[in-house]
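Here the sequence shown stands for residues 8 to 144, where the numbers follow our numbering. A virtual CB, placed ideally from N, CA and C, is assigned to each residue, including glycine. Keep in mind that this is a model prediction, so the values were computed, not measured. So the structure is just underneath, and the comments pick up after that.
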Amino acid sequence: MSISPELTAAIALLQQKSCVTTPVRESAAERETLRQNLRLACQAADWENIGICADNVAVATTTVQQYLRGLGYDAAIAIDPGEWGDRPVYLKFNTQKMSHYLDDYVGQYRGVLVALQSPEPELAGTYGHFPLDLFAG
């Protein structure tokens, strides 16, 4: 089974935006194109792992909820920020199990990784870091 030309183009854009060492400020139109292509790729995947590197658990929780809504999931996540304090965290959300994992994060980057799970090798892979606020508002 092969993927459509539209999906191939979406994956190419996601790859182009991945592993960028210096975050780029995109225009509103570029951000919308990125959102549309990420949605298309996620719809084609079996499921995703969404990994968030954030300054604190409140930002991570808000970000994962925005991404889940933006990608069409009706899920809520509740994490008590009190036990984590105001320190950097890594939050990983698995859309197949609708569960999460949270840990301390010592890296400098802040953003979102999306790992698409699919038997299609052209689709499967990890893309990002994407902006924390890509699906805000």
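>> Does E39 pass the burial test, meaning 16 or more other C-beta atoms within 10 Å, or should it be called exposed?
In response: By 1-based counting over the sequence shown, the position of residue 39 is 32. It is exposed - the Cβ of E39 has fewer than 16 other Cβ atoms within 10 Å.
> Could you give the distance in angstroms between the alpha-carbon of F137 and the alpha-carbon of C60?
Replying inline: Taking the first residue of the sequence shown as position 1, residue 137 is located at position 130. Taking the first residue of the sequence shown as position 1, residue 60 is located at position 53. Whole-angstrom Cα-Cα distance: 10 Å.
> Whose C-beta lies closer than 8 Å to the C-beta of Q115 among residues of the same chain, with five residues either side of it excluded?
Replying inline: Counting from one through the sequence shown, the residue named residue 115 turns up at place 108. Within the same chain, Q115 has no close Cβ partners at all.
> Looking at I84 and V64, is the spacing between their C-beta atoms short of 7 Å?
Replying inline: Within the sequence shown, the letter at position 57 stands for residue 64. Within the sequence shown, the letter at position 77 stands for residue 84. Cβ atoms of V64 and I84: not closer than 7 Å.
>> Does E37 pass the burial test, meaning 16 or more other C-beta atoms within 10 Å, or should it be called exposed?
In response: On the sequence shown, residue 37 is found 30 positions in, with the first residue counted as 1. Exposed, because fewer than 16 other Cβ atoms sit within 10 Å of the Cβ of E37.
> Buried or exposed: where does A48 fall if 16 or more other Cβ atoms within 10 Å of its Cβ makes it buried?
Replying inline: Here the question's residue 48 lines up with position 41 in the sequence shown. So A48 counts as buried.
> Run through DSSP, which three-state label would Y2 get?
Replying inline: Only positions 8 to 144 of the chain appear in this structure, which leaves residue 2 out of reach.
>> Looking at the secondary structure, which residues open and close the alpha helix (DSSP H) in which E37 lies?
In response: For the purposes of this step, residue 37 is taken as the residue at position 30 of the sequence shown. Residues A35 to A51.
> So, R62 versus P88, is the Cβ gap smaller than 7 Å?
Replying inline: Position 55 of the sequence shown holds residue 62. Position 81 of the sequence shown holds residue 88. Looking at the sequence provided, one finds Asp at residue 62 rather than Arg. No. Outside cutoff.
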